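First up is the structure itself, then whatever we jot down about it.
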Amino acid sequence: MLRHRYGARAGRGGLTGAWLDGLVTGDLIPGPSGAAPALAPVDADLVVSLDGVTVRRAGAALLHHLDWQVELDERWVVLGPNGAGKTTLLNLAGGRLHPTAGVAHVLGEQLGRTDVTELRTRIGLSTAALAERIPGDERVVDVVVTASWSVVGRWREEYDSGDEARAQALLGQFGVAGLANRRYGTLSEGERKRVQIARALMTDPELLLLDEPAAGLDLGGREDLVARLAELASDPDAPALVLVTHHVEEVPPGFTHALLLRDGDAVAQGLLTDVLTGDNLSKTFGLPLLVERHGDRYTARAD
Ligand SMILES: Nc1ncnc2c1ncn2[C@@H]1O[C@H](COP(=O)(O)OP(=O)(O)OP(=O)(O)O)[C@@H](O)[C@H]1O
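Structure representation (structure tokens):
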């Protein structure tokens, strides 16, 4: 079992692992015997780089020839209707699945040519599928601390006081320190979401992927979570962030970029202020929408 090494992240200095040593832009990394050589990523600051990526399942393209790049200091929101391919994209960026076609690099590693077990230790992922696996009788602090060993459900793994202290601090960062000794199953949906994000941050990841973190929250819970994510987004030491949502109201201040997906295709992508327009959102959701910006927040309604 592979233990995460939290705190090992070397600031925001870029991906300077040995794999890049001696390589220049466009150099070829030798592939496995018989396989085509892989192109090195062009920029060491790229956290995610998709080049013509397609993901097919049961004959359907869940993602279709997608080009997308996330840099170290960027905070992305991925918006789109049900079935657009958002979770598929997060699972790809999280090293949970490989492209059917095209080339995907995550944290400098090419999917399909790297040990994803190692890669996953560098990525914080919070999805409904992972949340469903958390035992209801687990202590909240254990839900967070067990991320160190990539397990859900504390068993015989060993943790030291530093692990527990970090888990407590993260729970505090998300306003749920007082719940540390409660059973996870007794928490409200809003409290669970915050615990899940604290868990995803436990390993000091270089990339944090959040799938619909505000889903199921009431208005107060949503606003509280949006404020806490805005705080995270403004922290220069925070990992690169990718947040999936259906609602522009859930875009936290400080997020910098947006990708709009529909039926596995990118409708628009780039700077948030350029991308979150009525035209783009209307194409994405398939109905005429009016999008308004109020300071650093957005609203949308049928036009
Ligand atoms: N293993 C699979 N086999 C066949 N189709 C799949 C598979 N996994 C996902 N799909 C389909 O791919 C499409 C995209 O799924 P995905 O979960 O990525 O969408 P999404 O944008 O996250 O949707 P939602 O907003 O409803 O969560 C959906 O139509 C889904 O039914």
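Take the position in the sequence shown, starting the count at 1, then add 979; the result is the number in this note's numbering. All residues carry an ideal CB built from backbone N, CA and C; glycine is no exception. As the structure is a prediction and not an experimental result, all values here were calculated from the model.
Cβ-based neighbour list, residue i, same chain, cut-off 7 Å, excluding 5 preceding and 5 following
i            : result
residue 1112 : 1131
residue 1247 : 1239, 1254 and 1259
residue 1033 : 1040, 1042, 1043, 1044, 1078, 1079, 1080 and 1081
residue 1000 : Low confidence applies to residue 1000: its pLDDT is 24, below 50, so where it sits in the model is not reliable, and the reading given next is rough at best. Excluding residues within five positions, none has a Cβ falling inside 7 Å.
residue 1003 : Unreliable placement is indicated for residue 1003, whose pLDDT of 26 sits below 50; the coordinate value is still reported in the next sentence. Hits under 7 Å: none found.
residue 1020 : At residue 1020, the pLDDT of 49 sits below 50, so the modelled position is not reliable and the matter cannot be decided from this model.
residue 1200 : 1169
Contact check, residue i vs residue j, beta carbons under 8 Å
i            : j            : result
residue 1085 : residue 1030 : no
residue 1056 : residue 1251 : yes
residue 1149 : residue 1180 : yes
residue 1058 : residue 1263 : yes
residue 1136 : residue 1125 : yes
residue 1163 : residue 1173 : no
residue 1035 : residue 1079 : yes
residue 1101 : residue 1184 : yes
residue 1221 : residue 1069 : yes
residue 1219 : residue 1026 : yes
Reference residue i, options the options, closest by Cα
i            : options                   : result
residue 1168 : 1204, 1077, 1276 and 1090 : 1204
residue 1196 : 1228, 1178 and 1211       : 1228
residue 1265 : 1048, 1047 and 1061       : 1061
residue 1165 : 1118, 1222 and 1040       : 1118
residue 1146 : 1128, 1177, 1108 and 1160 : 1177
residue 1045 : 1281, 1261, 1241 and 1275 : 1241
residue 1090 : 1028, 1206 and 1155       : 1028
residue 1237 : 1249, 1025, 1226 and 1129 : 1249
residue 1234 : 1073, 1276 and 1140       : 1276
residue 1274 : 1230, 1268 and 1096       : 1230
residue 1186 : 1268, 1063 and 1072       : 1072
residue 1134 : 1144, 1141 and 1116       : 1116
Residues that residue i bridges to, as DSSP identifies them
i            : result
residue 1249 : 1237
residue 1200 : DSSP lists no partner for residue 1200.
residue 1034 : 1042
residue 1080 : 1033
residue 1054 : 1220
residue 1047 : 1029
residue 1244 : 1241
residue 1277 : 1272
residue 1088 : 1085
residue 1113 : Answer is none; residue 1113 lacks a bridge partner.
residue 1166 : Paired residue(s): none; residue 1166 is not in a bridge.
residue 1103 : 1187
Cβ-based neighbour list, residue i, same chain, cut-off 8 Å, excluding 5 preceding and 5 following
i            : result
residue 1110 : 1171 and 1175
residue 991  : Its pLDDT being 33, under 50, residue 991 is placed unreliably in this model, and the coordinates cannot settle the point.
residue 1160 : 1118, 1119 and 1120
residue 1139 : none
Presumed contact (8 Å Cβ cut-off) between residue i and residue j, rounded CB distance
i            : j            : result
residue 1127 : residue 1190 : Actually they do not touch by this definition, with Cβ atoms about 21 Å apart.
residue 1224 : residue 1245 : No, residue 1224 and residue 1245 are not in contact; Cβ-Cβ is about 16 Å, not under 8 Å.
residue 1212 : residue 1054 : 5 Å
heavy atom of ligand 3 below 7 Å from residue i C-beta
i            : result
residue 1036 : This structure lacks ligand 3; the ligands present are ligand 1.
Contacting residues, own chain, Cβ-Cβ under 6 Å from residue i (five flanking each side not counted)
i            : result
residue 1011 : In this prediction, residue 1011 has a pLDDT of 38, which is less than 50 and means its spatial position is unreliable; what the coordinates show is noted afterwards. No residues qualify anywhere along the chain.
residue 1152 : none
residue 1114 : 1132
residue 1232 : 1209 and 1275
residue 1098 : 1074 and 1088
residue 1076 : 1070
Cutoff 8 Å: residue i Cβ touching any chain E Cβ
i            : result
residue 1250 : In the structure shown, chain E cannot be found, because there is only a single protein chain.
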